[in-house]
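Residue numbers (UniProt numbering): 1 to 546.
Positions of the beta carbon are idealized from the N, C-alpha and C atoms, including for glycine.
Here is the structure we will look at.
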């Protein structure tokens, strides 16, 4: 009898997760369209997606590659492959497993998995929150946390990332951390700490931004558990989290550019009106607010959808009358965490519509904040917690069936509002096409080099600002090396080696690309090459060894 009860309870938990997974899968397939889900289709891979695809291929096919390092992307210097944002923890596993490289792409399949995982972990996080708030796991709750999981999968600022970023589409790891914190709330302190530190280590192996947001959430929850675990355990947990994050960032190569000078803080920020700015693509809130800094349209896109906005608006009205029913749920910590994430997303360059106001901060503070220059991303943490807190408040305030009906209505509003955004993402990805190299026959070439390289002068490099796509795909196809790359950070050593002068000293087995001004000042040293201007790209030359 006891076994049958356990099995029934287990199935009651599994079925809602399966429902979320299936519906998120169908939604993801529609958003992505057929192209990205075709492993043989690489034409749509451009921009930052191209650098990830090339980095994976180069590292997996380089027999001389060290631990997450290769010389083929920055010849002749070694460079951390992690600077190309390829989710190095997964890349290292693939290299260790000897999976090889077939030339096929699975970026689309990974994006699809991200939406499914995000929805499932979101549903489980809401389920854990309801239990902490003292609400029994009734049938109506299954509908409730299923709807909450779908709300996670329908967040526009997550699938909007599919157009440009691979690692940063892994927001599911933040939601996994939320579930680990809430689901193991009453576990032994060492087990709770170990589980959350493991999630943080995983996030640190994917992307530093995700690691920071996962760490912020974990540390906030650790402080909330001080009554349960004691102050010493809470502080010890935070120390363990710091070690886990540092170890992950160090092990997986992200610390290789810790001394790099970064720019763009305040540019890639969130507008104060960003949460209601859908770039004019949503059905209900079709607002397109001015991009005050020139970097907010993509990096500052934080629109959560109309259903989630209604949930956020309801929180301050529901909280005063409901907070006493949430004694087991750390609602105050969640509110403070959301406020902190919101403020960080704004940056010190406060923008309200087209208006800009600079907040004066000490240089040391600006330098620290500038390490994470794309500050608009921090709103993601706020958006995720809004769903958890808002759902918990609705269930605590209303009869269960009414709460389930309300959440079904919110999910419906969310879907019809964000469907045009999903359609726009699908159309943009279908129209994507990476840049091609000027045609030349395959020879006994060892490398293809550019003067100036992309990292030295993105707008002055030969073949234009997207030349890293053309060079990357050609070097990957022919097994070549290059000196020109597009990385998330440029280390001082790389800049000194590649950007110190305009003198061209090519090897006799290299294909040389040159900007017009560089060619004219070095034409005399190119006597052993056949040089011609490229037809498709103005002011660019290609030189082949004779």
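So what does residue 510 bridge to, in DSSP terms?
Residue 510 is bridged to 447.
Within its chain, find whatever has a CB closer than 8 Å to the CB of residue 174; leave out the 5 residues flanking it on each side and keep chain order.
Once the five neighbours on either side are set aside, the close Cβ partners of residue 174 are 203, 210, 213, 214, 217, 380, 381 and 384.
Tell me which residues share the same chain as residue 221 and place their Cβ nearer than 6 Å to its Cβ, disregarding the 5 neighbours each side in the sequence.
181.
In or out: residue 509 buried (at least 16 other Cβ within 10 Å) or exposed?
Counting Cβ neighbours within 10 Å, residue 509 comes out exposed, since fewer than 16 surround it.
To the nearest angstrom, report how far apart residue 75 and residue 16 are at their CA atoms.
Computed Cα separation, rounded: 51 Å.
Between residue 380 and chain B, is the shortest Cβ-Cβ distance under 9 Å, so that the two count as touching?
Protein chains in the displayed structure number just one, and chain B is not present.
Using 8 Å as the cut-off, can you tell me whether the stretch 99 to 109 makes contact with the stretch 30 to 50, which would need three or more C-beta pairs spanning the two stretches below that distance?
Cβ pair count under 8 Å is three or more, so yes.
Taking just the CA atoms, how far does residue 83 sit from residue 236?
Between residue 236 and residue 83, the C-alpha separation is close to 31 Å.
Could you check whether residue 421 and residue 265 sit closer than 9 Å to each other, using their CB atoms as the reference points?
Not a contact, by the Cβ cut-off of 9 Å.
Using alpha carbons as the reference points, say which of 62, 535, 451 and 468 lies closest to residue 514.
Looking at the Cα atoms, 451 is the closest of the given residues.
Give me the residue from 126, 333, 114 and 59 with the minimum Cα distance to residue 94.
That would be 59, whose Cα lies nearest to the Cα of residue 94.
Near residue 444, what residues of its chain come up, given a Cβ to Cβ distance below 7 Å and the 5 sequence neighbours on each side ignored?
If we look at residue 444 and ignore the five residues flanking it on each side, its Cβ neighbours are 509.
Do residue 485 and residue 73 have their C-beta atoms closer together than 9 Å?
Yes, the pair counts as a contact, with Cβ atoms nearer than the cut-off.
Closest by CA to residue 201, which one among 431, 334 and 246?
The shortest Cα separation from residue 201 among 431, 334 and 246 belongs to 246.
At 4 residues or longer, what runs of the alpha helix (DSSP H) sit wholly inside the UniProt domain "DUF6311" (444 to 544)?
Fully enclosed alpha helix (DSSP H) runs of 4 or longer: 467 to 478, 492 to 499 and 516 to 522.
Report the CB separation of residue 229 from residue 189 in whole angstroms; it is logged as a contact under 8 Å.
About 4 Å separates the two Cβ atoms, so the contact holds.
Could you tell me the distance, in whole angstroms, from the CA atom of residue 472 to the CA atom of residue 109?
Those two C-alpha atoms are separated by around 22 Å.
Say whether the stretch 143 to 151 touches the stretch 396 to 409, bearing in mind that this needs 3 or more beta-carbon pairs closer than 8 Å, one atom from each stretch.
Yes, the stretch 143 to 151 touches the stretch 396 to 409.
Kindly identify the DSSP beta-bridge partner or partners of residue 355.
Answer is 352.
On the premise that residue 29 lies in contact with residue 112, defined as a C-beta separation below 8 Å, what is that separation, rounded to the nearest angstrom?
With a Cβ gap of about 7 Å, residue 112 and residue 29 count as contacting.
How many Å lie between residue 429 and residue 517 at the Cα?
About 35 Å.
Just mark residue 293 as buried or exposed, buried being the case when its beta carbon has 16 or more other beta carbons within 10 Å.
Label assigned to residue 293: buried.
Mind the definition here: the stretch 300 to 320 touches the stretch 282 to 290 only if three or more C-beta pairs lie below 8 Å; say whether that holds.
In short, these stretches touch, since the Cβ pair count reaches three.
Assuming contact is defined by CB atoms lying nearer than 9 Å, are residue 418 and residue 156 in contact in what I supplied?
Yes, Cβ-Cβ distance for residue 418 and residue 156 is below 9 Å.
Roughly how many angstroms lie between the CA atoms of residue 403 and residue 474, to the nearest whole one?
Using only the alpha carbons, I get a separation of about 56 Å.
In the DSSP assignment, what are the bridge partners of residue 80?
Partner(s): 69.
Write down every uninterrupted run of the alpha helix (DSSP H) in the stretch 231 to 267 whose length is 4 residues or greater and which is fully enclosed by it, in chain order.
Runs of the alpha helix (DSSP H) inside the stretch 231 to 267: 231 to 251.
At a cut of 8 Å, does the stretch 430 to 441 reach the stretch 46 to 54 through at least three beta carbon pairs?
Verdict: yes, contact present.
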